[in-house]
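Chemist:
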Amino acid sequence: MENGRVYRGSCHCGAVAFEVTGRLEMIDECNCSICTKKGYLHWIVPRASFRLLTSQEDMATYSFNTGVARHYFCQRCGIAPFYVPRSDPDKIDVNVRCLEGIEPGAIALKKFDGRNWEAAFRAHRGIEPSRPPHGGGKD
Ligand SMILES: [Zn+2]
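The numbering of the sequence shown is this note's numbering, which starts it at 1 and goes up by one.
1. Give me the Cβ distance between Lys91 and Glu29, rounded to the nearest whole Å; I'm assuming they're in contact under 8 Å.
2. So what does Asn95 bridge to, in DSSP terms?
3. Rounded to a whole number of angstroms, what is the C-alpha to C-alpha distance between Arg122 and Gly39?
4. In the DSSP output, which residue or residues are listed as bridge partners for Lys110?
5. Would you mind stating whether Phe50 and Val20 have Cβ atoms separated by less than 7 Å?
6. Compute the minimum distance between the beta carbon of Ala15 and the heavy atoms of ligand 1, and state whether it is under 6 Å.
7. Mind checking Asn94: buried by the 16 CB within 10 Å criterion, or exposed?
8. Sorted by chain position, which residues of the same chain lie with C-beta nearer than 6 Å to Cys98's C-beta, five sequence neighbours on each side aside?
Listed below in structure tokens is the structure:
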């Protein structure tokens with residue numbers, strides 16, 4: 001199986017920069033409180049596919065609600081180019097808007113109903129409604 005290509009991303013000022021190896025074929029758009037306000041477009045990738053090129057110390061972290069998600073943002077310019085999502089805390093959620101040379105409108109978009117997080121998470125994972133979800137979600 002092919003690994004795809006290398007995408008480069010960054011915050012606005014460049015203090016936070018990273019590379020992702022993969023194939024960007026689907027973007028998730030979430031309607032929860034924070035994603036709506038940020039305009040975040042999600043691409044969730046394995047940690048092994050993600051490489052931070054700058055210092056972790058240039059990022060601040062915001063957490064709320066369950067505290068599982070770790071919303072990183074640049075301390076200098078405030079842009080949030082990636083984070084650890086509640087739905088997949090073992091992965092990295094890349095903000096497609098922060099990738100270089102990507103036109104988000106040209107990529108398939110899938111809606112995630114983050115306002116009804118538990119139900120949306122079960123659908124996301126293909127879990128039967130009767131079984132409780134484990135792990136976290138997008139928020
Ligand atoms: Zn910045």
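Just so you know, even glycine gets a beta-carbon here, dropped at the ideal spot from N, CA and C. These numbers come from a predicted model, not from an experiment.
Modeler: From the atom records:
1. That belief does not hold up - the Cβ atoms of Lys91 and Glu29 are roughly 17 Å apart, past 8 Å.
2. Asn95 is bridged to His42.
3. In a straight line, the C-alpha of Arg122 is about 23 Å away from that of Gly39.
4. Asp28
5. yes
6. yes
7. In the sequence as displayed, the identity of residue 94 is Val instead of Asn. Counting Cβ neighbours within 10 Å, Val94 comes out buried, since at least 16 surround it.
8. Gly9, Pro81
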